[in-house]
Amino acid sequence: MAFSQKSKKYSLDLFKKSKKIKSIAVADIDSIVFYNPFVPLTGIELLPSEFKLALGKSQEMQLNFIPKNASNRELDWSTSDKSVATVDAKGKVVAVGVGSATITVKTVDGNFKQTSKVEVYIPVEGVALTKLDGSALNTNTMELFIDDTYIFLGKISPENATNPKILWSSSDESVASVDSAGKVTAHQEGSVTIVVVSQENNLFATCDVAVLANSGLFTDWRDNRQYQYQRIGDQAWMTENLAYLPQVDGVDTCSQSPKYYVYGFNDYNEFDALETENYQTYGALYNWEAALAACPEGWHLPDSTEWSQLLEYVGTEQLGTKLKDSLLWGLDGLKNDYGFSALPSGAFLDNDFYFLGTDAVWWSGTELSEHSAANYHISIVSDDISTYEEKKKEAFAVRCLRGSVLATEVSFDFSATELLLGTNNQLNARVSPVNSTERSFLWKSSDPSIAQVDDEGNITGIKTGTAKITAQSYFSDLKAECTVKVITIPVSDINLPTNLTVEQDFSGLIEATISPSDASYQGVLWSSSHPDIAKVDANGVVYALSQGIATITATSEDNNKIKASTELEVVASTSGVFVDISNEKEYPWVRLGSQIWMADDLKYTSEPSNGYKDTSSVEPKHYYSDFYNWAAAMEACPEGWHLPTKEEWEELISYVGADAGSKLKAMYGWKNGGNGTDKYGFSVLAGGRRISSRSHYVGNLSAFASVSSGIYSLHYNFIEFLASSRDVLRGELSRNFERDYVRCLKGEVPVSTISLSKTRLTLTPNKTETLIDTIRPENTTNKKVNWLSSDTEVALVDENGTVSAVAEGAATIYAMADDGSGVYAVSELAVITDTVGIFTDLRDGAEYRWVNIGSQVWMAENLRFLPAVFPSSDKSSDEKRYYVYDYEDVNTSAAKASEPYIKYGSLYNAIAASEACPDGWHLPTSKEWRDLLREVDGNAADLKAVNEWDDDDSPTDIVGFSALPGGTMLITVGFHSKGTRGMFWSGDAENYFNEFNSKNTSVKNMQTFANTGFSVRCIKDDIPVEGITFKYDSYKVRKSFSTYLAPIFLPNNASSREVIWESLDESIATVDNQGKVTGLEAGVVTIRATSVEGGYIAECEVEVTPYVRIEKINVIGPEFLNDNDSVKFIAEIFPANATNKNYRWAVGSQCGATIDFETGMLTAKKMDEKFYSSGCKNTIQATAYEDGSVFGQADLIIERPIKSFSLNGGSYLYDYKSPSRADGSPAVNIPIVDKHIILPLGEIIRVSANTVPEFPTGRSLRVTPVNKKIGTIMCC
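Residue numbers (my numbering): 4 to 1279.
Printed below as a string of structure tokens:
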């Protein structure tokens, strides 16, 4: 180190191996310290010290260095047995074979060593219940009679799992028990679930077993009719004829399609049929197609094999006698030995009824041919039972047999078919065997955009193409498929009305006539050559905006080369008439300042519901228009018009000025000299106001509904005109009280905000819930909302806001305004699989049912925690008190044994309730109670337990909350109201509680004394966020466009779903607080979402792709063209670097010119004689594909063919044009001498038809030398 006198600085030289490598100059040095940066390692710690690892899985070992800042961290990893487990240089252990191995790590610095023992096993991946032979069960339900046994086999997969042990259990041993070998024994009537579970990891399989009595009653829930059944051998038979009667058919309707009859009844009124003695005694008669589907759920039409099994059990002799009912046959000695009770119900044959009282005939489920099936027949003259082949259109009785019949095959009548676009056809899914009870199917289309299918198999052609229709059995994997080809009848021509002239501000429908009339695509695409003059919407409604001429074109959706055009001239107007196309009513309108108002009161309904006939004036009789309440007024104005705000009324009044009321009132109909001058044609009529059910103040008053542009209010603004005042009054009334008139103001009102009924939503797979959107301002004209799900694999949402949960996970549901305002709202959705369950209170081992309701998890039972018990006389507001209804001692064991405790749980004072809930649960706040009530729209009956409330039959308990009337402990009377009231504490400091009462269906939230005793229901604590991520690592969005991002929360049912959004480069893309990403410039940007709870971060890359919009199109082509000629037009795109330069050509032509929409080649047809004078005007238009509002146009005049004409000694060309100078002055009359004329440059002259006889009278000529325009000769 050296000091320089010249620079007054120190110079420090650095050397490496005696070679100078750097010099550092510093102004001053206090001291220099040299140190060695190396930190030696003193030890290591390896975690875990031993662990288990499933075969094929991996685990990262955790290694801690001692000290943490040790310099040398080089390691050497090794395994004692590579055939069991491997380990890489980073400490990642992979299980490759069953067994044990030791993982060792050594350090280079200090040679420290640590080991960990790993045991590799083959895990159980699944458990299944099968038949004893190992084959699959037909269903996961089974029926056994009392004392029956059945042996299940519990199968573990994979078969070589390390721990194959399984455990068996029954949900109710008193109904059916199961031993360690899987043998089930039925003991008594009831239902039970048999469970086999893996000892290793609690994976399980179940089968529901119903134990049936040998005889008894069952209910057909379709009509609540009860039937007797009897076990006969191994079968359970109905011992009555089936009486299910969804309809009744007359005797003249014999057919193979499903038909239902009642013996001797020839009418179609099933209610009358139900009252007949024959129906009540013998049930109904069914043709075979009806019989196949007639039996109740869990029963079926027996086939011939099953009938034979019955007959074999009964015996071979006197079968009919043994099965006949003992009373209705009129025979002695009938004993009905087996309880079958065969009835002589007769038959329906060849359109008439026969054999009542003498024969019993039942259908069999065995088909014998396309038109016949087997039946079974007992006659009064025979002791046996016979089987016959009968036509399917005949009708017999039905006896049903217990059990379901599984299908072995599902098929259609054909494997492929054609369907005309827009039409319907019925597919019939047929099952085998034909008496199978699997008659419900899930219908699907492989491409619903081509062909759709409903739940009944009706298919509809949507667009041309091919789709596969599938009918999938609900009960098995069986399915049938049919290929549907959707075809069309093409459009050949379109016709539009001609010679259209309208006034400015007119709106009306142009009708396009499609040929042929039965063409598949009746739709047309509408366009205007000058949308600034006249625009046309998708329905063909034209809106005249400014003066000028526009060509309206209708192009077939079927073929864009088939189109028609009509020329629309818009002329100026300050008033006029428009038609509300929703009901075809006409309204006058008037322009006042910058506003356009309806000049008549709105008449939205078809007839004046509250009209008043004015007879006080000599003016023409007039019916006043309709009154509207607030809700109706908000929706009443026609498309393109809106309910005016108070501020817009003020603008009108300001424009009119002093005495506005007088100037705006009509000149007739107002009493007491109150008629107005109607200076502006606004014509306010004295129609009064509707109060309650009557009209008031007719002739003296007129009031109009208005809306404030401010915040929502329970009141509405109105504007009032009085006969006694020259001014306009303003006021405010309740929305539910008055009925006023409506005047609409022209113009659209955009959406400013959208709010949803729920910002958080919890569903289970296959469940749905509809979100309700609220649009502001209230007079928004387009209230349509477009719905979007951020993850369609988790949830779908339809056009009505109905959310359908698909699979477990999280998604964001977007509701986006359709009007282009960019306004939207979101609801965070969690799809969960477990909605009910049981948890254990570790304090006392008590088990409680819980239920998921909305986004909350509630106890479905009253809390029973009872660390102590007090009599009702021992009350306190400061110390914890626990009570049991009607128990007046201090013995907790005795209290817990009491019936009120077991049924209703404990009662708590306020301080005890605040601390009573177990860990992970808490006393719900009043807000949380309100959130619960919102899930059932405030209806307490949907929360009450069924059959538990005295004098209250309203409870439905549809959400499983099961509120109980556990009564109260009141400070005045002690225990009270058990059976009629349920009082539940809220977790608010002000001692709020919630009352359920058997006398009403609402829940009251009130305050009480802290020493009162109420029940407690606990609500689960919020589930903490453990992390967030995105579904994909990267996304794309075009410049100037937007996309929506939604993070995935871990776990997916985490309570808090708030995130903070951030774009790490806002010059490339921005992101708003709902995850809407908007691309600004081409590039890649990282979008970061940080959870508010826990601060977890998820990042993804968004690539903004370059996108330059078309801003302008210039159309280049000639100004004139002869008819029958062709010419190609060229489109020039600006800017030249536009991303999507695609455009399409269109022509608006008076004379049928056509243009190829791709190439721009225009072809002129032979011109009609009516265009000889002025030529035919055509508008050539090139429209950008990406944005229909960007287009370029050029005008083309199509004229007669050019002829040769000698003028001033030279040969010139001429054709027809309008006779006028460039400055608009009249043409000069100059005679032609010897067919020659001296024509000044640019001059226009008039010639005589007599002088130039070959020119038709009244026609004009444009004279043009080669490459230079001279002027025009006009004839006559």
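All C-beta atoms, glycine included, are put in the ideal place defined by N, C-alpha and C.
Asked, Found
"Paired residues, beta bridge with S518 - DSSP", "D496"
"Supposed close pair F999, G982 - CB separation, criterion 8 Å", "Actually they do not touch by this definition, with Cβ atoms about 12 Å apart."
"D306 vs T361 beta-carbon contact at 9 Å", "no"
"L330, DSSP secondary structure in three states", "coil"
"Boundaries of the beta strand (DSSP E) in which F221 is found, first to last residue", "S218 to D223"
"Simplified DSSP state of S1209, which is helix, strand or coil", "Here the model assigns S1209 a pLDDT of 38, short of 50, so the residue's position is not dependable, and the following value carries that caveat. Correct three-state label for S1209: strand."
"Proximity to A1013 [Cα-Cα], best of D182, H190, Y995 and A943", "Y995"
"V1255 to T1162 span [Cα, whole Å]", "Note that V1255 has pLDDT 37, beneath the 50 cutoff, so the model's placement of it is unreliable and the number below is only indicative. Taking the straight line joining both Cα atoms gives about 43 Å."
"Inter-stretch contact (C-beta, 8 Å, three-pair minimum) for the region 64-82 and the region 100-114", "yes"
"Outcome for A515 when other beta-carbon atoms lying within 10 angstroms are tallied against a minimum of 16", "buried"
"C-beta contact flag for V413 and A470 at 9 Å", "no"
"Selected residue, minimal CA-CA separation from L869, among A898, E891 and A239", "A898"
"Separation of S523 from Y1047, as counted between CA atoms", "37 Å"
"Anticipated Cβ contact below 8 Å, E560 with Q598, distance rounded", "Rounded, the Cβ-Cβ distance is 37 Å, inconsistent with contact."
"R442 vs D416 beta-carbon contact at 9 Å", "no"
"According to DSSP, residues forming a beta bridge with Y817", "L791 and V829"
"Simplified DSSP assignment, three categories, for G1245", "Because the pLDDT at G1245 is just 41, under 50, the model does not fix this residue reliably, and the value given afterwards should be weighed accordingly. Correct three-state label for G1245: coil."
"Meets three-Cβ-pair contact criterion under 8 Å: the region 947-962 and the region 1001-1008", "yes"
"Three-pair Cβ contact test at 8 Å for the region 839-846 versus the region 910-917", "no"
"Distance between S709 and K749 (C-alpha atoms, nearest Å)", "14 Å"
"Length at least 3, wholly inside the region 749-792: the beta strand (DSSP E) runs in chain order", "756-759, 763-766, 771-773, 776-779 and 788-792"
"Distance between P968 and C298 (C-alpha atoms, nearest Å)", "41 Å"
"Residue closest to R1283, alpha-carbon to alpha-carbon, out of E918, D991 and D960", "Because the chain spans 4 through 1279 in this model, residue 1283 falls outside it and cannot be assessed."
"Between the CA atoms of T756 and A966 - distance to the nearest angstrom", "38 Å"
"Local Cβ density within 10 Å of K616, reported as buried at 16 or more and exposed below that", "Low local confidence applies: a pLDDT of 30 at K616 is under 50, so the model's placement there is unreliable, and no value is given."
"Cβ distance (whole Å) where P347 is taken to contact L337 below 8 Å", "Going by Cβ atoms, the distance from P347 to L337 rounds to 11 Å, so no, they are not a contact pair."
"Coarse secondary structure for E300, derived from DSSP in three states", "coil"
"Test item: CB-CB of Y886 and F978 under 9 Å", "yes"
"CB of G157 within 9 Å of CB of A131, strictly", "yes"
"Contacting residues, own chain, Cβ-Cβ under 7 Å from F707 (five flanking each side not counted)", "F721, I722, D743, Y744, V745 and R746"
"Collapsed DSSP secondary structure at V1250 in the structure displayed", "Low per-residue confidence applies at V1250: pLDDT is 37, beneath 50, and the placement is therefore not dependable, though the value from the model is reported in the following sentence. DSSP places V1250 in strand when its eight states are reduced to three."
"Closest Cα partner of C973 within the set N1008, D960 and F1017", "Correcting the residue type first, residue 973 is Leu in the shown sequence and not Cys. For L973, the nearest C-alpha among the options comes from F1017."
"Enclosing alpha helix (DSSP H) for K930 [first to last residue]", "S929 to E938"
"Meets three-Cβ-pair contact criterion under 8 Å: the region 1062-1081 and the region 1130-1145", "no"
"Alpha carbon of A363 to alpha carbon of I905, nearest angstrom", "55 Å"
"C-beta atoms of E1029 and Q1010 nearer than 9 Å", "no"
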